[in-house]
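As you go down the protein sequences, you meet chains A and B in turn.
All residue numbers for the first sequence refer to the numbering used here, where the first residue is 2 and numbers rise by one.
All residue numbers for the second sequence refer to the numbering used here, where the first residue is 2 and numbers rise by one.
In what follows, a single structure is set out as structure tokens and then discussed.
There are 2 protein chains.
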Amino acid sequence: MEIERRRGTPTADELRVWREYVETGERIRSAMAGAMQRRTGISSGDYAVLLALSEAEGRRLRSSALADAAHWERSRLSHHLPRMERRGLIRREDCATDDRGAEVVLSAEGLRVFRQASAAHFGLIRELFVDALTPEGLAQAHEVSAALSEHLRAR
Amino acid sequence: MEIERRRGTPTADELRVWREYVETGERIRSAMAGAMQRRTGISSGDYAVLLALSEAEGRRLRSSALADAAHWERSRLSHHLPRMERRGLIRREDCATDDRGAEVVLSAEGLRVFRQASAAHFGLIRELFVDALTPEGLAQAHEVSAALSEHLRAR
DNA sequence: GACGCGTGATTGACGCGTCAATCAACAGAC
DNA sequence: GTCTGTTGATTGACGCGTCAATCACGCGTC
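See below:
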């Protein structure tokens, strides 16, 4: 019966599509990360932080706000920021209104690197993703992602 | 802010689909990894190694063959195997025909864990992926992955 | 003003991944 | 036999990510 069948092991076809989906995604992310590193010297993580800061009021954010903006755990940020600070991309300042808090500030160098990285990032999105797909393909990618995403959300 | 379309710069729509694609993929992988860890106590990496070994002749492989089967770098394997050995999932033996080589052998415990993990793995593929998609959605996922994959290959 | 609790942020331990360097053993040329 | 270059595999340094524990401050209550 159908309900019963749906609960079982995926078919060979379904498994094949799953594997394709996962492996392709992995290769694309890895290609993106590698090319960003080579072309601009920063990682995807760095880029996410720089992006969030560049869009913030005064190019500065409380570190928890930064974590929220990038969908990161705070502890991940606490590990990552010292590495970026060491390279002069950001600096941390004490928060005026809350002595517990820290503010993360985009440095001039960080802004410069970010602008450069953005161009590379957009170029790579086109090279790796957009150029690979027809307009219908892009629409399909949207539908598939939306379906998967909605299913995850509703879980 | 005026958005001037330049060669190489994706449109807002294209960017949105890209972001959806990447973020959804990330969430699915992370959900898979987390659930596997919780339900079976092993990571995706462990699973890949156990899978390759379980399919091998005599449930043993030269470590380079194992690396190839899992599409891993050898050094990654060299770091990973001691962790798995410590937990009794595999053991390493000297290779009879080549004194440089090592053979990785699936232990009885490793096989037991693998069988259990396989069931969980298949179940999760259905829960996270197959159940989210209609048959047409599955076909679309295949087409999109194939197009992206082919584009990457041809790059 | 002292106590208790929630919250902002960091730390340490550990797993995971890549890269470059290393080391040991093989294989062919001489 | 011994060079020489190649191959199988490991190591160390470092970046990255999560989890649990911790520290420091803010704030309401008494």
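Virtual Cβ for every residue (Gly too), placed ideally from N, Cα, C.
In this text the structure is predicted, and so the values were computed from the model without any measurement.
DSSP, read as helix, strand or coil, puts D69 of chain B in helix.
Taking the CA atoms as reference points, F130 of chain A sits about 40 Å from V106 of chain B. Looking at the backbone, the Cα of A103 of chain B and that of I43 of chain B are separated by about 23 Å. Boundaries of the beta strand (DSSP E) harbouring A103 of chain A: A103 to L107, taken from the DSSP string. Contact with chain B is found for I126 of chain A, since one of that chain's Cβ atoms lies less than 8 Å from the residue's Cβ.
Taking a beta-carbon distance threshold of 8 Å, P83 of chain B does not count as an interface residue toward chain A.
With distances taken between CA atoms, Y48 of chain A lies nearest to A:L90 out of A:G59, A:T25, A:L90 and A:V23.
Annotated three-state conformation of I29 of chain B is helix, per DSSP. With contact defined as three or more Cβ pairs closer than 8 Å, the segment 69 to 87 of chain A and the segment 21 to 29 of chain A are not in contact. DSSP, read as helix, strand or coil, puts D99 of chain A in coil.
Proximity of chain A to Y22 of chain B at the Cβ level (cut-off 9 Å) is accounted for by G26, I29, F130, A142, H143, V145 and S146, in chain order.
Contact annotation, V18 of chain B with V145 of chain A: C-beta distance approximately 10 Å; criterion of less than 8 Å not satisfied. Chain-ordered, the chain A residues with CB closer than 9 Å to the CB of V18 of chain B read F130, V131, L134, L139, A140, A142, H143 and S146.
According to the DSSP assignment, R63 of chain A belongs to the beta strand (DSSP E) that extends over R61 to R63. The Cβ atoms of T10 of chain A and F123 of chain B sit closer than 8 Å to each other.
Beta-bridge annotation (DSSP): I91 of chain A is paired with A:L107. Cα atoms of G138 of chain A and L149 of chain B: separation of roughly 10 Å, rounded to the nearest angstrom.
Taking the C-beta atoms as reference points, A36 of chain A is found no nearer than 8 Å to L134 of chain A. Distance from the CA of A34 of chain B to the CA of A71 of chain A, rounded to the nearest whole angstrom, comes to 21 Å. Residues of the segment 78 to 107 of chain B that bring their beta carbon within less than 9 Å of a beta carbon in chain A are absent altogether.
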